[in-house]
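Structure record follows, encoded as structure tokens.
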Amino acid sequence: MNSKVEKHYEQSVDENLNVLNRTQRIIKMALEEMREKDGKYELLKEPLRSLSVRIPVKMDNGTVSVFTGYRAQHNDAVGPTKGGIRFHPDVTEEEVKALSIWMSIKCGIMGVPYGGGKGGIKCDPRKMSFAELEKLSRGYVRAISQIVGPTKDIPAPDVFTNSQVMAWMMDEYSHIREFDSPGFITGKPIALGGSLGRESSTALGVVIATKEAAKLIGLPIKEARVIIQGFGNVGSYVAKFFHDVGIKVVGISDALGALYNPDGLDINFLLDNRDSFGSVTNLFENRITNGELLVQDCDILIPAAIENQLTEHNANDIKAKIVVEAANGPTTLRATEILRENNVLLVPDVLANAGGVVVSYFEWVQNNQGYYWSEQEVNEKLELKLVEAFSRVYTTSIRKNVDMRLAAYMVGLERMTKAIEFRGWV
Ligand code: GLU
Numbered sequence: 013m014n015s016k017v018e019k020h021y022e023q024s025v026d027e028n029l030n031v032l033n034r035t036q037r038i039i040k041m042a043l044e045e046m047r048e049k050d051g052k053y054e055l056l057k058e059p060l061r062s063l064s065v066r067i068p069v070k071m072d073n074g075t076v077s078v079f080t081g082y083r084a085q086h087n088d089a090v091g092p093t094k095g096g097i098r099f100h101p102d103v104t105e106e107e108v109k110a111l112s113i114w115m116s117i118k119c120g121i122m123g124v125p126y127g128g129g130k131g132g133i134k135c136d137p138r139k140m141s142f143a144e145l146e147k148l149s150r151g152y153v154r155a156i157s158q159i160v161g162p163t164k165d166i167p168a169p170d171v172f173t174n175s176q177v178m179a180w181m182m183d184e185y186s187h188i189r190e191f192d193s194p195g196f197i198t199g200k201p202i203a204l205g206g207s208l209g210r211e212s213s214t215a216l217g218v219v220i221a222t223k224e225a226a227k228l229i230g231l232p233i234k235e236a237r238v239i240i241q242g243f244g245n246v247g248s249y250v251a252k253f254f255h256d257v258g259i260k261v262v263g264i265s266d267a268l269g270a271l272y273n274p275d276g277l278d279i280n281f282l283l284d285n286r287d288s289f290g291s292v293t294n295l296f297e298n299r300i301t302n303g304e305l306l307v308q309d310c311d312i313l314i315p316a317a318i319e320n321q322l323t324e325h326n327a328n329d330i331k332a333k334i335v336v337e338a339a340n341g342p343t344t345l346r347a348t349e350i351l352r353e354n355n356v357l358l359v360p361d362v363l364a365n366a367g368g369v370v371v372s373y374f375e376w377v378q379n380n381q382g383y384y385w386s387e388q389e390v391n392e393k394l395e396l397k398l399v400e401a402f403s404r405v406y407t408t409s410i411r412k413n414v415d416m417r418l419a420a421y422m423v424g425l426e427r428m429t430k431a432i433e434f435r436g437w438v
């Protein structure tokens with residue numbers, strides 16, 4: 013292994029580092045490897061802007077709850093910032109900052125002209141009514157309206173937010189600005205200027221990246237057995253895409269548990285019977301835990317749920333030959349190193365799940381030009397971008413003798429570092 017990479021991971025063995033510190037470590041390594049000036053790390057290690065807001069919401073029972081939300085904008089040297097908004101009880105400012113940096117990397121890898129942004133509200137949407145969620149979504153937009161906009165920072169869906177939430181947010185923003193602003197946010201319903209193919213785009217990107225990875229290691233994809241952790245928007249579409257072309261999905265999970273069957277699961281039945289938050293495993297007696305699912309026999313493992321799922325404690329037990337990170341940050345740095353030692357090909361999140369932001373970019377382009385594309389056109393353009401990005405990251409990893417994650421960061425930072433220099437910032 014490259015000695016610099018070894019040193020980097022040695023420093024990172026502390027699995028308790030928060031997600032922002034971990035991201036900063038990889039950024040530093042990537043910039044060192046690219047021989048960039050130190051000043052660039054100082055600039056890129058934190059978002060340029062981070063706003064923390066408090067949003068009062070009159071709840072259905074007459075009480076008022078005050079929610080905390082964030083919006084972080086990593087860097088706008090390349091163009092406006094872009095990234096999703098998540099609604100989750102575990103949201104922290106640190107996490108939102110780290111996720112905004114990841115968005116910069118994703119946009120850089122995929123060659124879309126944005127920097128990274130991210131938002132989050134600390135709340136549990138599973139315990140809130142439709143009316144409460146609408147008030148929260150609108151209140152959040154009012155709170156951050158000064159720093160967002162179609163040419164400033166363009167939000168999108170993320171964990172537990174969907175096209176309905178985007179619709180409320182777009183409507184609120186249009187009221188504030190007093191003109192229709194479809195380009196303010198992406199992931200909208202089609203009737204409001206959403207793009208065909210956006211809803212399934214992250215999953216389609218994961219599937220394309222998985223096929224590219226399988227080609228690389230000579231694994232016949234048709235015969236592959238796939239485990240998918242998570243059955244939300246991304247996980248369920250990935251399962252469907254594979255199942256529809258006859259690829260065996262042997263395991264899936266949701267927040268309540270997991271199902272594993274070496275002969276393959278009936279994905280259509282599972283899709284038809286899940287509740288609005290994607291839970292379905294509770295219908296089965298023979299379910300196992302999420303942790304148990306990850307180490308079951310398979311060829312391809314797709315973590316599509318939450319952060320820190322593959323760690324130093326289970327990485328050695330992973331049976332898959334390929335791990336494709338559909339979720340953001342499912343693998344710790346130490347686990348990344350262990351998988352590399354065990355010859356498991358890891359396709360990092362910033363590459364594997366970047367299909368979402370690519371089609372968000374297509375949505376924004378369509379909004380700006382007022383002319384809409386067919387789903388086939390969207391999907392073909394996405395595939396072209398992803399296959400090219402995969403090849404660039406893989407080639408960089410070979411040329412520089414670094415793992416795919418570090419290579420992805422190097423590719424992802426290239427344009428931003430140039431833009432910063434041309435603007436004379438560093
Ligand atoms: N939230 C998604 C992500 O993490 C999509 C962001 C976007 O479409 O702007 O990549």
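Just so we're aligned, residue 13 is where the sequence shown starts under our numbering, counting upward by one.
We treat Cβ as the ideally placed atom computed from N, Cα and C, and that holds for glycine.
This structure is a prediction, so every number in the text was calculated from the model and none was measured.
* Which residue or residues does DSSP assign as beta-bridge partners of ALA270? -> SER265, ILE300
* Asked: Which residue from MET41, ASN33, LEU32, GLN36 puts its Cα closest to that of ASP415?
  -> MET41
* Whole-angstrom distance between SER62 and MET71, CA atom to CA atom -> 27 angstroms
* Which of the three DSSP states, helix, strand or coil, is assigned to ASP165? -> strand
* For ASN302 and LYS164, the rounded distance between their alpha carbons -> 39 angstroms
* **Inter-residue Cα distance where the pair is LYS147 and ILE410** => 50 angstroms
* Is the beta carbon of MET182 within less than 8 angstroms of some heavy atom of ligand 1? -> no
* To do: Please check the pair LYS134 and PRO101, which I expect to be a contact at CB under 8 angstroms, by giving their CB distance rounded to whole angstroms.
  => 6 angstroms
* How many whole angstroms separate the CB atoms of GLU45 and LYS412, which I take to be in contact at a CB cut-off of 8 angstroms? -> 6 angstroms
* **Nearest candidate by alpha-carbon position, reference PRO137, set THR173, SER77, TRP114** => THR173
* Contact belief for ILE166 with THR214 at Cβ below 8 angstroms, rounded distance in angstroms -> Wrong, their Cβ atoms sit about 16 angstroms apart, outside the cutoff.
* **Per-residue DSSP class, three states only, for VAL218** => helix
* Asked: Closest by CA to HIS294, which one among ALA270, ASP275, GLY276?
  -> Per the sequence presented here, residue 294 reads as Asn, with His not at that position. Considering only alpha carbons, the answer is ALA270.
* **Cα-Cα separation between VAL25 and ILE350, rounded to whole angstroms** => With a pLDDT of 45 at VAL25, under the threshold of 50, the predicted position of this residue should be treated as unreliable, though the coordinate-derived value follows. Cα to Cα, VAL25 sits roughly 11 angstroms from ILE350.
* Establish whether the CB of ASP102 and some CB of chain B are separated by less than 9 angstroms. => The structure shown has no chain B; it contains just one protein chain.
* Could you tell me the distance, in whole angstroms, from the CA atom of GLY367 to the CA atom of ASP183? => 25 angstroms
* Asked: How do the segment 243-259 and the segment 377-387 stand: do at least 3 beta-carbon pairs fall below 8 angstroms, yes or no?
  -> no
* **Option nearest TRP437 by Cα separation, candidates THR35, LEU32, LYS49, ASN33** => LYS49
* Asked: For ligand 1, any of its heavy atoms closer than 8 angstroms to the Cβ of VAL153?
  -> no
* DSSP state of LEU357 mapped onto helix, strand, coil -> strand
* Closest to ARG83 by CA distance: which of VAL108, VAL405, ILE202 is it? -> VAL108
* Cutoff 6 angstroms; reference MET181; Cβ partners in own chain excluding five residues on either side -> SER149, VAL153, ILE197
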